[in-house]
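Residue numbers (the working numbering): 8 to 413.
Read the structure below first, then the notes.
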Amino acid sequence: MPSFEAAPQFQELKLPSDLSMVKLSATPEQPYQTLTRLVQGFSDTNAQAWWSYTGPILGRLMNAANYDLQTQYACLIFHLYSVVPRLGPAPGTEANKRWRSFMCDDFSPLEYSWNWNGNKDGSPKIRYSVELIGANAGTSRDVYNRSETLELCTQLRRDLPKADWKLFDIMCDAFYDTNSAHPDTTAQNPNTSSPSSLFLAFELGAKIATKAYFMPTKSLQTSIPPLSLLDTAITQLRSNGYTCGGYERLLSFLSTPTGSPLDLIIVAIDCFESLQSRFKIYMRSPQTSFASVITTLTLGGRVDTLADPARANLKELWYSTLALPHDYPETEELEQRGHQTAGVLYNFDLGLEGSSIQPKLYIPLKHYSPNDAVAAQGLGRYLGKRGMGKWFGAYMSVLGDSCAHR
């Protein structure tokens, strides 16, 4: 179990003095419920609010995915003491509007993930990504909101000795210029995100695995094109002994009519033993037809990843979750959207060793599916037809409990 360090504002924590709050129930109390009673004694109202928004959701997700109690407590305590106090002003406050995270379309700084067969026994694995928000985020002292994340990384380097931060340091250098001037960016378009630059993600389990995400911020600082920054990052990786042999196939595809519109959004690395880590390149395309999806996932024929029946399965999933009629042409674009995250997001999983590259797709449900329920029901039908629906009831239950606002 990892060790945890309480933030300074929590030094005076105490359990609620009114023990009448503690009630016996026929239903066993869940770990997140126990910790919620503890949080009621906190003096930091921002932390109280952020826990109320995030702690129960993580707790319900882990419980629904059949995590044991010890693991639930360990992961929730990590979240409570290492993440919650670094999420900034409480949601709904005027101060909260100062930083609009790129993490989610509604500018919230935390995104949850349910990996359907993430564990060896076929059970789901829960993950979440987060942008920590510092007190000076968006000002000349912390234009790109990096201070809180870097502070937590310093703690994790100490508390998680098996983590490997070599790739983290390489990416920090490739995608951020520490010597750049820092203009004040507080006056921004309220309909777009703030200039986020650095995210973390945590894969929850008996051991908490850390991943880091880097936006091409140096491009904003220096006007160097994002793809040139990516080239530099690959060069730095190769100078450190990583072959990244699949990169040239991606570059070749980016010169084609389907590949050239792709924009670099962010890259990610795992913070464990470097040779086992993955280098993920996230790119977004304005093209939204299913035909363009197939072309991109095969890099225009440069990788063979979608032979039948995989292609047919993907088409069924695409059409089901987006609620498209069966006769919707594969070459037809989806209805145009003007949002900054409209389009289709891809992840090109580049092997650091050898020449592998594995394209992956994020089906754009937020902008193109009628609503969350329709998307979830389409997913359920797809999984059920393939005998993969064992966990779907638990997933829908926690979705209903946690996302009533949607």
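Glycine residues also receive a C-beta, built at the ideal position from the N, C-alpha and C atoms.
- In the DSSP assignment, W121 is bridged to I133.
- In the structure shown, A56 falls within a helical segment according to DSSP collapsed to helix, strand and coil.
- Of the other Cβ atoms in all chains shown, 16 or more fall within 10 Å of the Cβ of Y135; this residue is therefore buried.
- For the pair S230 and M395, the Cα-to-Cα distance works out to about 47 Å.
- In the same chain as N247, and ignoring 5 residues on each side of it, the C-beta atoms closer than 7 Å to its own belong to I177, in chain order.
- For V405, the enclosing alpha helix (DSSP H) has its first and last residue at F399 to S409.
- Residue M222 holds the alpha-carbon nearest to the alpha-carbon of N152 among G385, M222 and S296.
- Between L237 and the set M290, S200 and N126, the nearest pair of CA atoms involves M290.
- Under DSSP, I288 takes part in a beta bridge, and its partners are V274 and F355.
- In the DSSP assignment, L207 forms a beta bridge with V137 and A219.
- For K225, the number of other beta carbons within 10 angstroms of its own is at least 16, and it is reported as buried.
- The alpha carbon of W58 has as its nearest neighbour, out of Y74, S89 and L352, the alpha carbon of S89.
- Short of 6 Å from the beta carbon of L329, and not among the five residues preceding or following it, lie these beta carbons of its own chain, in chain order: Y375 and S376.
- One thing to note: S130 has its Cβ no nearer than 8 Å to the Cβ of A208.
- The Cβ atoms of I215 and C82 lie closer than 8 Å to each other.
- Within the DSSP secondary-structure output, L368 pairs in a beta bridge with Y353.
- Looking from the CA of S203, the closest CA among D184, T295 and I140 belongs to I140.
- Sequence-distant partners of Y183 (beyond 5 residues in either direction) whose C-beta falls short of 6 Å from its own C-beta, in its chain, are T224 and K225.
- Taking a cut-off of 8 Å on C-beta distances, the region 242-256 does not touch the region 150-167, as fewer than three cross pairs fall below it.
- Secondary structure of D113 (DSSP, three-state): coil.
- Here T338 is exposed: its Cβ has fewer than 16 other Cβ atoms, across all protein chains shown, within 10 Å.
- Taking 8 Å as the upper bound for CB-CB distance, P38 and Q79 are in contact here, some 4 Å apart.
- Classified as exposed, S267 has fewer than 16 neighbouring CB atoms from the shown chains inside 10 Å of its CB.
- In the assembly as shown, Y369 is an exposed residue. Its beta-carbon has fewer than 16 other beta-carbons within 10 Å.
- Within its own chain, the residues whose Cβ lies closer than 8 Å to the Cβ of S284, once the five positions on either side in sequence are excluded, are D171, L174, I276, D277, C278 and L359, listed in chain order.
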